[in-house]
Every structure is written in C-alpha cells, then in structure tokens.
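Since the structure comes first, as structure tokens, the remarks are kept for the end.
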Amino acid sequence: MIPISHEVYRMDRELMKGSIDILLLSEIITQDKYGFEIMESLKKKSADTYYMSEGTLYTALKRNELKGLVVSYWTKVKGSGRRKYYHITDAGCTQLIKQLAEWQKLNSIIRRCSALNEKSSC
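The opening residue of the sequence shown carries number 1212 in my numbering; numbering runs sequentially from there.
Dropping the structure here:
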C-alpha cells in the first residue's frame, strides 16, 4: 500500500470531477444541509484533503436540482436572514446507489490492474 501524507496530498481535480455528485448526494442523504454546511462537512470528513469551491458546489447543486435529484427550499434563520437548504429526492437516492455501485466497480478494477501494490518499490 502506498503511504499518503495528509500534508502534501491534494485530490487531483480531473479525478474528482466524476465524484462531485456522489459526494454532494451523500452529504444530504441523512439530513438536509445548506451549501456552506456541505462544503465544510466535505472538508472535515476528508481531513482537509478535499476542497470544493463555492462555484463548483452551487453549479453541481443546480445541475442536480434540474435533474430532479435534489430539491431546495428557503428557511429563515434567526439573526442571519435566510438559508437555502438542499434535500435529496427519491430519484437522487436511486442515482446515488447506482453511482456508488459504479464507483465500487471502478475502484476494484483499478486495484486489480494497478502496478502499484505491495510488491512495487514506489
């Protein structure tokens, strides 16, 4: 196994593009959240190795909303106006399950095909 230092490791943007929707839908599967809350949760859960910009986040949320995978609603918050929360739909849950299964298959293929394993010198 290749050791990874959290201090120097940053997720490759191209690699992560295919995971954005999985990450977003996973964040709201158990609880509705607002945008900044989603960003902070992803950052914390990844031990600061993954950062999603506001532009990426809100573009992805809007795209998923147009697809019917997410719905949004506004809530008043004491002292700070309103917040837009996001909720996963039944179609979003179905899509998440499908994408996670595909991700697992791809991950398995990469592990089997990768030359970087316990026997490599890297």
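C-beta atoms are modelled at their ideal positions from N, C-alpha and C, and glycine is treated no differently.
None of these values were measured; they are calculated from a predicted model.
| said: Assuming G1197 is part of the alpha helix (DSSP H), what are its boundary residues? | reply: Lying outside 1212 to 1333, the shown extent of the chain, residue 1197 is not represented and no answer is given.
| request: Mind listing, in chain order, the continuous alpha helix (DSSP H) runs of no fewer than 4 residues lying wholly within the stretch 1223-1253? | output: 1224-1228, 1231-1238
| By how many angstroms is the C-alpha of G1290 removed from the C-alpha of K1244? | 18 Å
| message | Between the alpha carbons of L1272 and K1228, how many angstroms are there, rounded? | response | 14 Å
| task | Give the straight-line distance between the Cα atoms of S1264 and C1324, rounded to the nearest whole angstrom. | result | 32 Å
| request: Have a look at L1268 and T1241 and give me their C-alpha separation to the nearest angstrom. | output: 18 Å
| task | Check S1319 in the structure and name its three-state DSSP category. | result | helix
| task | Flag this pair as touching only if the stretch 1231-1241 and the stretch 1307-1321 have three or more C-beta atom pairs under 8 Å; answer yes or no. | result | yes
| said: Using C-beta distances below 7 Å, list every residue in its chain close to L1253, excluding the 5 sequence neighbours before and after it, in chain order. | reply: L1234, E1238, Y1261, M1263
| I1320 to I1231, Cα distance in whole Å? | 20 Å
| request: For K1309, name the three-state secondary structure that DSSP assigns. | output: helix
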